[in-house]
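Quick notes on the structure that follows.
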Amino acid sequence: MTPHQRKISATVSHLLEWYPKNARDLPWRRSRDPYAIWVSEIMLQQTQVNTVMPYWERWMQALPDIAALAKADSQTLHKLWEGLGYYSRVRNLHRAAGEIVQLHSGRFPERFEEILELPGIGPYTAGAIASIAFNQARPILDGNVIRVLARVWGLGGDPRSAVVRDQLWQTARELVEAASKPAAKDQTASRRRHCADLNQALMELGALICTPRQPQCEVCPLRADCKALLTQSVDALPALPKRPKTTRRYFQAYIVERRGKFLVRQRGEGAVNALLWEFPNVETGSAKADPREHSSRLLGSVSTVEPIATFQHSITRYRIQVQVYRVAGVHPRLAEGRWVSRGELSALPCSSAHRRIARLAAEPVPCRT
DNA sequence: ATCCTGGTGC
DNA sequence: GCACCAGGAT
């Protein structure tokens, strides 16, 4: 046995020992249903556990199986996803459910290659489903696992470079394959879900102990195996490249209310936040752009334009300032969009920013003094 | 306030 | 190699 193989095997033992005692009791971990695990993995892409939990519960309640998802309409799905962001994920879930019904008789495929074919499922998610739902020896590599492996093996260099990325995948593969083979010293009945547990342990360790900042190396199950700890380079690993600087952008949004109804419009298929509903808005060049000029250009004609609020939000690398105005005197014939009641508005799927504007719209018009 | 985080698809 | 979103940590 080479030193490398010994390290792989020690890491597997330590992780499998640690995981059952330290894993969080997350709702999707109580399920073996590949559908439930798939939904959780898609939600967990780019989104944190605490955010996902209520969404997953609601989703599973509303759409308990693949057939229910396949039959659901786009508006229901977007409403269930509202606020999670990256809305292409929900469209891909729907398309994939359709493919599973058509191509796999409604049963979630078990072969890795077939899982990987489904829309919205890449190498990470396919590995996660194969290992967690079906206990197959498939590696996973997400941000958490990259951090753990880069530190334990002391891998410098950009983890996104081909060389380091291949090293990381190879290590992840060796770990899960080692977990899949019964160890000489431990052949009790407890050896069963070891591929599932090993992969989840890697992620859980990254989430709870081997964190980006202030990792808890003192209590880490891999502290005896960790190269970075030995060489005091934990804080320097993984060596991620700096993110590009954020760009400031400025938007104005208009609350147009007439006879208790609000003017809203639906975003196009190819746009950011595709198919979501929004208040009329324009991107301007600066925070000082004239709201009267921009709103009348967008809405035909306006009488009064009153500032309501300003807030910030972020999409990808953009830092966006939204100035919200209440606009009166809009000709319903000139303004494009749909007029909806307060109740209808709350039923339409919106991005977080426009849901926020909807809350402002619901507030009573402030009295002028 | 200012920093940081994250898989897939094109 | 970039676009996609909404947060959390400090």
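If you use the working numbering, the first sequence corresponds to residues 3 to 371, in order.
A virtual CB, placed ideally from N, CA and C, is assigned to each residue, including glycine.
Here the structure is a predicted model, which is why all the values come from computation and not from measurement.
(1) For residue 196, does the count of other Cβ atoms within 10 angstroms reach 16, so buried, or fall short, so exposed?
(2) I'd like the span of the beta strand (DSSP E) that includes residue 309, first residue to last.
(3) Along the chain, where does the alpha helix (DSSP H) containing residue 51 start, and where does it finish?
(4) Since residue 285 is in the beta strand (DSSP E), which residue starts that stretch and which ends it?
(5) For residue 351, which option in 281, 108 and 290 has the closest C-alpha, if you only look at C-alpha atoms?
(6) Three or more C-beta pairs under 8 Å: does that hold for the segment 149-168 against the segment 221-232?
(7) If I measure Cβ to Cβ from residue 150 and keep anything under 8 Å in the same chain, skipping five residues before and after, which residues do I get?
(8) Excluding five sequence neighbours on each side, which residues of the same chain lie with their C-beta closer than 6 Å to the C-beta of residue 353?
(9) Which residues in the same chain as residue 146 place their Cβ atom closer than 6 Å to its Cβ, once the five residues preceding and following it in sequence are excluded?
(10) Could you name the residues of the same chain whose beta carbon sits closer than 8 Å to that of residue 372, not counting the 5 residues immediately before and after it, in chain order?
(11) Straight-line CA distance for residue 200 to residue 7?
(12) With distance defined between alpha-carbon atoms, name the residue in 78, 105, 174 and 83 nearest to residue 58.
(13) Identify which residue in 260, 72 and 240 has its Cα closest to the Cα of residue 106.
(14) Drop a sphere of 10 angstroms on the beta-carbon of residue 335, count the other beta-carbons inside from all chains shown, and report buried for 16 or more, exposed for fewer.
(15) Do residue 248 and residue 343 have their CB atoms nearer than 9 Å?
(16) For the candidate residues 165, 220 and 123, whose alpha-carbon lies nearest to that of residue 42?
(17) Since residue 181 and residue 18 are thought to touch, with beta carbons under 8 Å apart, how far apart are those beta carbons, to the nearest angstrom?
(18) Helix, strand or coil: which one does DSSP assign to residue 172?
(19) Which residue marks the beginning of the alpha helix (DSSP H) containing residue 114, and which one marks its end?
(20) Between the Cα of residue 214 and the Cα atoms of 287, 152 and 69, which residue gives the shortest distance?
Walking through what the data contain:
(1) Around the beta carbon of residue 196, 16 or more other beta carbons sit within 10 angstroms, so the residue counts as buried.
(2) In the DSSP assignment, residue 309 falls within the beta strand (DSSP E) that extends over 306-317.
(3) If you look at residue 51, you'll find it in the alpha helix (DSSP H) that goes 51-64.
(4) From DSSP, the beta strand (DSSP E) with residue 285 extends over 283-286.
(5) Minimum Cα distance to residue 351 is reached at 281.
(6) The count of Cβ pairs closer than 8 Å, one atom from the segment 149-168 and one from the segment 221-232, reaches three, so the stretches are in contact.
(7) The residues are 204, 207, 208, 212 and 224.
(8) The answer, listed in chain order, is 275 and 278.
(9) The beta carbon of residue 146 sits closer than 6 Å to the beta carbons of 205, 208 and 209 from its chain, once the five residues preceding and following it are set aside; these are given in chain order.
(10) Outside the displayed range of the chain (3 to 371) lies residue 372, so it cannot be described from this structure.
(11) Those two C-alpha atoms are separated by around 16 Å.
(12) Checked all of 78, 105, 174 and 83; the closest Cα to residue 58 is 83.
(13) Minimum Cα-Cα distance from residue 106 among the listed residues 260, 72 and 240 corresponds to 72.
(14) Taking all protein chains shown into account, residue 335 has fewer than 16 neighbouring C-beta atoms within 10 Å of its C-beta and is therefore exposed.
(15) Using a Cβ distance threshold of 9 Å, residue 248 and residue 343 do not count as a contacting pair.
(16) Of the candidates 165, 220 and 123, 123 places its Cα closest to the Cα of residue 42.
(17) Between residue 18 and residue 181 the Cβ distance is about 7 Å, and since that is below 8 Å, they are a contact.
(18) Assigned with DSSP and collapsed to three states, residue 172 falls in helix.
(19) Looking at the DSSP string, the run of the alpha helix (DSSP H) that includes residue 114 is 114-119.
(20) Among 287, 152 and 69, the Cα nearest to that of residue 214 is on 152.
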